Amino acid sequence: SLPLSVKVKLPHGIEYDQPTGLFINNEFVPSISGKTFSVISPSTEEEITHVYEAVSEDVDAAVDAAEKAFKNSGWATADPSQRVSGLLKLADLVEEHAEVLASIESLDNGKSLMNARGDIALSAAYYRSCAGWCDKIDGRNINTGSTHLSYTKREPIGVCGQIIPWNFPQLMLSWKLGPALATGNTVVLKTAESTPLSALYLAKLVKEAGIPAGVVNIISGFGKTAGEAIAIHPRIRKVAFTGSTATGRHIMKRAAESNLKKVTLELGGKSPNIVFNDCNVKNAVQNLIVSIFYNSGEVCCAGSRIYCQSGIYDELLSEFKTAIEAVKIGDPFNEATFQGSQTSQQQLDKILGYIEKGKAEGATLVAGGERFGTKGFFIKPTVFGNVTEDMGVVKEEIFGPVVTITKFETVDEVIEKANDSEYGLAAGVHTEDINKAVDVSNRLHAGTVWVNTYSDFHTSVPFGGFNQSGFGREMGTEALDNYTQVKAVRIKI
Ligand code: NAD
6 SLPLSVKVKL PHGIEYDQPT GLFINNEFVP SISGKTFSVI SPSTEEEITH
56 VYEAVSEDVD AAVDAAEKAF KNSGWATADP SQRVSGLLKL ADLVEEHAEV
106 LASIESLDNG KSLMNARGDI ALSAAYYRSC AGWCDKIDGR NINTGSTHLS
156 YTKREPIGVC GQIIPWNFPQ LMLSWKLGPA LATGNTVVLK TAESTPLSAL
206 YLAKLVKEAG IPAGVVNIIS GFGKTAGEAI AIHPRIRKVA FTGSTATGRH
256 IMKRAAESNL KKVTLELGGK SPNIVFNDCN VKNAVQNLIV SIFYNSGEVC
306 CAGSRIYCQS GIYDELLSEF KTAIEAVKIG DPFNEATFQG SQTSQQQLDK
356 ILGYIEKGKA EGATLVAGGE RFGTKGFFIK PTVFGNVTED MGVVKEEIFG
406 PVVTITKFET VDEVIEKAND SEYGLAAGVH TEDINKAVDV SNRLHAGTVW
456 VNTYSDFHTS VPFGGFNQSG FGREMGTEAL DNYTQVKAVR IKI
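Numbering (UniProt numbering), first residue to last: 6 to 498.
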């Protein structure tokens, strides 16, 4: 049977101990079923290891541990300084282990080490930011006259189920764990089946940080089994999900049918990135590159629809093409690589399918449009011109390094096009005119608008969607609202 820890040698020489078990009650344990599954390195197509696969009985065991910890460990009820020190210690440990964590991300996700290091830095910063909230979860004292004392408290929800995707395994883990723990909840978190490794490594750090047993439970497994078991579990009081809109809709339905657990969803997008004649072209081009090729385009808020005003269209396109040629693609462990591989064969096939669809729809390839190399799931940065708004490549989330570019004339025209989407996660605006920037930001239907920047996150700034991009917010004070419920107390004097 599979040992609970295996030695993994990384391509650049580091060797580390990779846990393979389910992390329940601060211990790594095999699945009750004994089942395991294989984890592949998408940049080499070689197997890294097997890990244990959680089935619904394992989810029950994790919920038992989380429920016991919620009731008995004092995590929710003791002086919040316990949570402050747990989260601060976790932030320190993530920084101490940053290089191995980043390397594991590159290994099973395929993202470049350059991108992965940024993710780890942001996740450590977020644990630290959440540590600062633990003792600031206040209620209100409400003046209802001299006959009563009326006040509110914000209490944790209880056992929270969390289901994360494969595009940012560590960062999504921190966005989910941070606010849930800061507010005194306990957690059963399922990682995505293609990227379970770095979360299991983080589980070791959770224990080392002194976070009580059962507060954090991390399981590897598949959506249709372990994910489903979380969505329908009668003792899980809230489910937080990041992933596709279709799966989010399904989870919400299952949550409603089971025990009406609270739901927050961070879903897909097809975000517009608008470039006006009066922008700083050099800066805009750099932002276009980051917005769509960062993380190999596997980003929910990717700026996958570029709208460029006619006066600078030719200049921008020419500079964009030059910048694309400079994007270093390939081995994620090469220090200079910006764009690594896609995460799985399934993603590769899906993206190549969209490229074929774009061509069949009559769009013109301006750059890329094919695989890079023959081994590993790499795709060249791809740009489609000559597109119309009804094409699949303009409407649907591709989730890869594929972007469309469209010419526009007026502000009204581009607002209408930008908002013509069922999604509403993010948008980019490039202009040197502050009045235009504010006016356009006001009129865009998106949870985040970036002006003269893109994918520019801060731990204090909330992130989340309008429309079918979901609801609830990650980071900022808003994330804490997702994990607390208000209790009103009214005392007759
Ligand atoms: P997915 O949404 O199905 O998977 C995300 C997570 O949900 C994984 O942990 C998965 O195991 C889990 N899951 C799947 N089915 C479930 C179910 N029935 N119940 C509970 N949990 C379930 O995404 P995918 O199939 O891996 O990728 C498909 C597409 O989704 C991608 O091509 C992309 O367009 C989109 N996607 C978006 C994001 C995002 O951040 N918005 C992230 C990942 C994928």
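No residue lacks a Cβ here, since even glycine has one placed at the ideal position from N, Cα and C. The structure displayed is predicted, hence computed values, not measured ones.
Exercise for review: Within its chain, find whatever has a CB closer than 6 Å to the CB of residue 300; leave out the 5 residues flanking it on each side and keep chain order.
Suggested key: Excluding residues up to 5 positions away in sequence, 116, 120 lie with their Cβ nearer than 6 Å to the Cβ of residue 300 in the same chain.
**Study point:** Span separating the alpha-carbon of residue 499 from that of residue 36
**Key:** No answer is possible for residue 499: the residues shown for the chain start at 6 and end at 498.
Review point. DSSP on residue 473, reduced to helix/strand/coil?
Key: helix
**Study point:** Sequence-distant residues of its chain with Cβ nearer than 6 Å to residue 205 (five each side left out)
**Key:** 24
Review point. Do residue 328 and residue 297 come within 8 Å of each other at the CB atom, strictly closer than that value?
Key: no
Review point. Does at least one heavy atom of the ligand NAD sit under 7 Å from the Cβ of residue 172?
Key: yes
Review point. Under the criterion of a Cβ to heavy atom distance below 7 Å, does residue 355 qualify as lining the ligand NAD?
Key: In this structure, residue 355 has its beta carbon less than 7 Å from a heavy atom of the ligand NAD.
Exercise for review: Let me know the secondary structure DSSP gives residue 258 once reduced to three states.
Suggested key: helix
Review point. With DSSP run on the structure shown, which of helix, strand or coil describes residue 455?
Key: strand
**Study point:** Cα-Cα separation between residue 487 and residue 407, rounded to whole angstroms
**Key:** 33 Å
Point to revise | Exposure label - residue 439; buried when at least 16 CB within 10 Å | key: In this structure residue 439 is exposed. Its beta-carbon is surrounded by fewer than 16 other beta-carbon atoms within 10 angstroms.
Review point. Going by other Cβ atoms of all chains shown within 10 Å of its Cβ, with 16 needed for buried, is residue 223 buried or exposed?
Key: Buried.
Review point. Among 6, 47, 28, 38, which one has its Cα closest to the Cα of residue 379?
Key: 47
Practice item. With distances taken Cα to Cα, identify the nearest neighbour of residue 352 among 304, 313, 334, 151. Key: Nearest option by C-alpha distance: 304.
**Study point:** Contacting residues, own chain, Cβ-Cβ under 7 Å from residue 437 (five flanking each side not counted)
**Key:** 283, 284, 285
Review point. From this set, 422, 166, 226, 180, which residue's C-alpha is nearest residue 257's C-alpha?
Key: The shortest C-alpha separation from residue 257 is found at 166.
Check your understanding: With DSSP run on the structure shown, which of helix, strand or coil describes residue 2?
Key -> Limits of the chain in this structure are 6 at one end and 498 at the other, which puts residue 2 out of reach.
Point to revise | Euclidean distance between Cα positions of residue 88 and residue 242 | key: 21 Å
Point to revise | Heavy atom of the ligand NAD within 7 Å of residue 229 beta-carbon | key: yes
Point to revise | Run of the beta strand (DSSP E) containing residue 21, from where it starts to where it stops | key: 20-24
Practice item. For residue 393, count neighbouring C-beta atoms within 10 Å of its own C-beta (all shown protein chains included) and say buried if the count is 16 or more, exposed if not. Key: It counts as exposed.
Check your understanding: If you compare alpha carbons, which of 162, 434, 185, 122 is closest to residue 4?
Key -> Limits of the chain in this structure are 6 at one end and 498 at the other, which puts residue 4 out of reach.
Review point. Quick one: what does DSSP say residue 195 is sitting in, helix, strand or coil?
Key: strand
Review point. Expressed to the nearest angstrom, what Euclidean distance is found between the alpha-carbon atoms of residue 55 and residue 26?
Key: 10 Å
Check your understanding: Does the region 148-160 come within contact of the region 364-377, defined as at least 3 CB pairs closer than 8 Å?
Key -> no
Practice item. Quick one: grab the DSSP three-state call for residue 400. Key: helix
Review point. Cβ of residue 109 within 8 Å of Cβ of residue 202?
Key: yes
Point to revise | Any 3 or more C-beta pairs closer than 8 Å across the region 96-103 and the region 265-273 | key: Taking a contact to require three or more Cβ pairs closer than 8 Å, the region 96-103 and the region 265-273 do not qualify as touching.
Review point. How many angstroms separate the CA atom of residue 186 from the CA atom of residue 195?
Key: 16 Å
Review point. Excluding the five sequence neighbours on either side, which residues of its own chain have a C-beta within less than 6 Å of the C-beta of residue 420, listed in chain order?
Key: Once the five neighbours on either side are set aside, the close Cβ partners of residue 420 are 448.
Check your understanding: Sorry if obvious, but does the Cβ on residue 169 come closer than 7 Å to a heavy atom of the ligand NAD?
Key -> yes
**Study point:** Identity of the residues DSSP links to residue 157 by a beta bridge
**Key:** 493
Practice item. Please report the residue range of the beta strand (DSSP E) in which residue 230 lies. Key: Here residue 230 belongs to no beta strand (DSSP E), and DSSP marks it neither H nor E.
**Study point:** Whole-angstrom distance between residue 164 and residue 84, CA atom to CA atom
**Key:** Whole-angstrom Cα-Cα distance: 19 Å.
**Study point:** residue 305 beta carbon near the ligand NAD (any heavy atom closer than 7 Å)
**Key:** yes
Review point. Can you pull the DSSP bridge partners for residue 392?
Key: Residue pairing by DSSP leaves residue 392 without any beta bridge partner.
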